[in-house]
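First residue of the sequence shown: 428, per my numbering; consecutive thereafter.
Ideal Cβ positions, reconstructed from N, Cα and C, are used throughout, including at glycine.
Quick caveat: nothing in here was measured; it's all calculated off a predicted structure.
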Amino acid sequence: MPRVVLLGSSPGHDDVPGQPAPPAALTLPALPGCPTVIGKLHGQLASLDPAPVTIARVADAPAYRGFPGTLVETADLAGDLRALADAVEDSEENLLILPSNSLIHDELIYQITKSKRGALALIAKEPREDREEDENGDLIVPDVPISEAEPEIGERVYEGLPVRLRAARSRIISVGSAFHAVTRPNAIALGPLHLHRKHAPTLAEAARELADMAHLFGPEDDLVQLLVLGLVRRGVSVGIRGRRDLFFRRVTSPEQADEAVAEMATFDEDRARLNNAVKGADGFFTTFFVSTYSRFIARWAARRGLTPNQVTLISIALGVASAACFATGARAGMIAGGILIYFAFVFDCVDGQVARYARKFGVLGAWLDATFDRFKEYVVFAGLAIGAAVSGVGDVWTLALVALALQSAKHLLDFSFGAANRRKPPSPLPSMPLSISPDTDLRLALEQRRIARSGGIRGLLRMWSKAGRNRAVYWARKMIVFPIGERFAAIAIVSALFDARITFITLIIWGGIAATYTLTGRLMRSLA
């Protein structure tokens with residue numbers, strides 16, 4: 428579970444007329460029980476950290492008393508930063524940092540805290556009429572060398588926050604402040620920041636250095652954005668996430684609170700949770716012929732108390748029944764086997780979706796899912812081979828063994844490469860002192876790093892990666908590796924239309940192409 432730190436200071440709060448209490452003390456009369464913003468947030472975070480640390484100004488502290496956890500009272504921005512450094516530097520858990528005046532969906536909190544990124548910030552890209560974006564949502568800028576691009580302090584404001592952050596396709600490139608200029612800012616840090624515990628000492632060190640520079644910052648400087656600034660300038664890769672189909676907003680006045688609650692009610696959080704239960708990187712067949720409806724089976728199963736392991740058993744039973752039908756060798760049996768193996772795969776997807784939707788995870792379930800995926804596949808191979816002998820097609824055991832060997836070799840390549848990559852230290856990013864205002868040197872270092880990685884094998888891999896932005900190339904790459912969805916689809920379709928011999932030949936040809944492609948890619952990445 429993460430350690431939660433709530434930040435009580437908000438940029439511009441002191442400028443809100445007629446509001447002596449902090450924004451977190453605002454009541455939400457439209458919600459049951461008429462909670463305050465901070466009360467609602469504590470209720471949402473209780474399962475993550477029952478005793479969070481709250482950092483608030485002395486004048487605002489009464490609004491935070493009476494809630495569980497530790498309240499740290501500060502006098503100014505420098506005090507906020509030092510208090511945060513003290514709260515996080517010895518953390519043995521991951522960190523979740525967010526403003527205390529946040530209205531946020533439970534599902535968004537869950538998605539942020541379950542991120543595998545070492546650091547992740549929720550951001551919003553500034554909407555501008557004159558701005559062009561590519562298909563990934565990244566800003567398209569004129570072809571101007573970094574050395575000629577003028578850093579700017581930034582006067583634009585979006586959602587009440589100054590636009591002082593430069594976000595690329597997958598991470599934050601640069602962050603500004605009233606002192607720190609940023610080249611071509613295009614986004615803001617909304618509030619939630621999730622950090623792996625290994626980066627806690629780095630954050631604490633950066634926060635203390637920023638505290639010593641607090642006299643250089645303005646009242647509009649946001650505490651979260653300053654923390655992201657410190658991380659980026661120290662070479663930490665801070666990933667980005669948008670709100671997508673979930674809600675987050677900071678409120679600073681009763682009118683904003685009422686508007687935010689009304690807007691929040693228009694979002695279907697359960698539908699977003701269901702959509703997030705589906706893997707985002709599945710193959711073509713799984714994405715378009717299974718996940719379009721399997722998620723609704725998963726929700727139905729979860730609401731009736733079915734566990735992921737029980738769904739896995741249904742998938743195994745369908746796989747064995749499919750093998751038994753194939754073993755008959757009759758045309759009707761081959762068609763029935765194709766239908767059953769398809770639904771065996773559907774329920775193989777459903778068990779994971781139930782686990783993610785119902786938050787029911789376990790080591791046993793993960794082991795069962797991985798093990799019996801292979802079991803279903805191999806028992807179907809046996810059923811097809813037996814059916815071929817029964818129907819007089821001939822002995823296809825050799826073909827079955829070749830198909831099995833190819834698939835086993837591909838699994839070995841995948842698992843061994845993944846294990847080797849987990850042991851490999853990440854490539855360090857450029858860093859830059861906080862005492863320097865413009866980010867030109869940082870951007871130049873990133874550009875030089877990109878140029879250095881654009882030659883030789885790395886250049887080829889980079890070109891192939893960029894080619895994946897094309898939708899047709901993206902799905903072709905997904906299919907060529909012959910993932911489990913495509914394998915089960917090939918078995919179901921070919922066996923229903925032809926016989927076991929053609930089915931195995933299809934598996935061998937496609938499996939051979941997949942193994943060659945995978946081995947080539949793994950070798951190139953290892954050499955790079």
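If residue i and residue j are in contact, beta carbons under 8 Å, what's the gap, nearest whole angstrom?
i	j	result
ASP476	VAL515	About 13 Å; that fails the 8 Å criterion.
ARG952	LEU887	So it is not a contact: roughly 11 Å between Cβ atoms.
ALA451	SER527	4 Å
LEU535	PHE675	6 Å
PHE494	ILE531	Not confirmed; about 17 Å, so no contact.
GLY810	GLY764	7 Å
LEU508	ARG596	30 Å between Cβ atoms; not a contact.
ALA605	ASP648	5 Å
PHE772	VAL717	7 Å
ALA490	VAL499	Actually they do not touch by this definition, with Cβ atoms about 14 Å apart.
Buried or exposed for residue i, going by 16 or more other Cβ atoms inside 10 Å?
i	result
TYR720	exposed
GLN875	exposed
TYR901	exposed
ILE539	buried
GLY789	exposed
SER742	buried
ASN613	buried
GLN780	buried
LYS625	exposed
ASN521	buried
ASP570	At ASP570, the pLDDT of 40 sits below 50, so the modelled position is not reliable; the number obtained from the coordinates is stated separately. The residue in question, ASP570, is exposed, as its Cβ has fewer than 16 Cβ neighbours within 10 Å.
PRO554	exposed
ASN897	exposed
GLU582	exposed
GLY956	Only positions 428 to 955 of the chain appear in the structure, and residue 956 is not among them; the question remains open.
PRO459	exposed
SER862	exposed
ASN703	buried
CYS776	buried
ILE936	exposed
SER678	Note that residue 678 is Val in the sequence shown, not Ser. Buried.
ILE599	buried
Once DSSP output is grouped into helix, strand and coil, what is the label at residue i?
i	result
GLY895	coil
GLU582	coil
THR713	helix
VAL900	helix
ARG558	Note on ARG558: pLDDT 49, under 50, position unreliable in the model; the coordinate value appears next. Here ARG558 sits in coil by DSSP.
GLU553	coil
SER721	helix
HIS621	strand
PRO628	helix
GLY564	Caution is warranted here: a pLDDT of 39 is assigned to GLY564, below 50, making its placement in the model unreliable, and the coordinate value is therefore given only provisionally. Here GLY564 sits in coil by DSSP.
PHE675	strand
GLU371	For the chain, the structure presents residues 428 to 955; residue 371 sits outside this window and is missing.
VAL609	strand
THR755	coil
GLY666	strand
PRO449	coil
ALA916	helix
PRO589	strand
ALA812	helix
ALA369	Limits of the chain in this structure are 428 at one end and 955 at the other, which puts residue 369 out of reach.
VAL443	Note that VAL443 scores 47 on pLDDT, short of 50, meaning its location in the model is unreliable; the coordinates nonetheless yield the value given after this. Three-state DSSP puts VAL443 in coil, outside helix and strand.
Compare the C-beta of residue i with all C-beta atoms of chain C and state if any pair is closer than 8 Å.
i	result
MET859	Going by chain labels, chain C is absent from the structure shown, which holds only one protein chain.
Within the continuous beta strand (DSSP E) that includes residue i, where are the two ends?
i	result
LEU433	430-434
GLY882	Unbroken run through GLY882: none, as it is neither H nor E.
VAL602	599-602
LEU458	Per DSSP, LEU458 belongs to no beta strand (DSSP E) and is neither H nor E.
ARG593	592-594
Starting from residue i, follow the alpha helix (DSSP H) in both directions and report where the run begins and ends.
i	result
LEU475	Element bounds for LEU475: n/a, residue is neither H nor E.
ALA689	681-691
LEU701	696-703
ALA941	927-954
VAL651	650-660
Every unbroken alpha helix (DSSP H) inside the segment 815-878 [4 residues or more]: 824-850
Minimum length 3: unbroken beta strand (DSSP E) runs contained in the segment 481-552: 497-501, 522-526, 529-531, 546-552
Ranges of the beta strand (DSSP E) found wholly within the segment 723-804, counting only runs of at least 3: none
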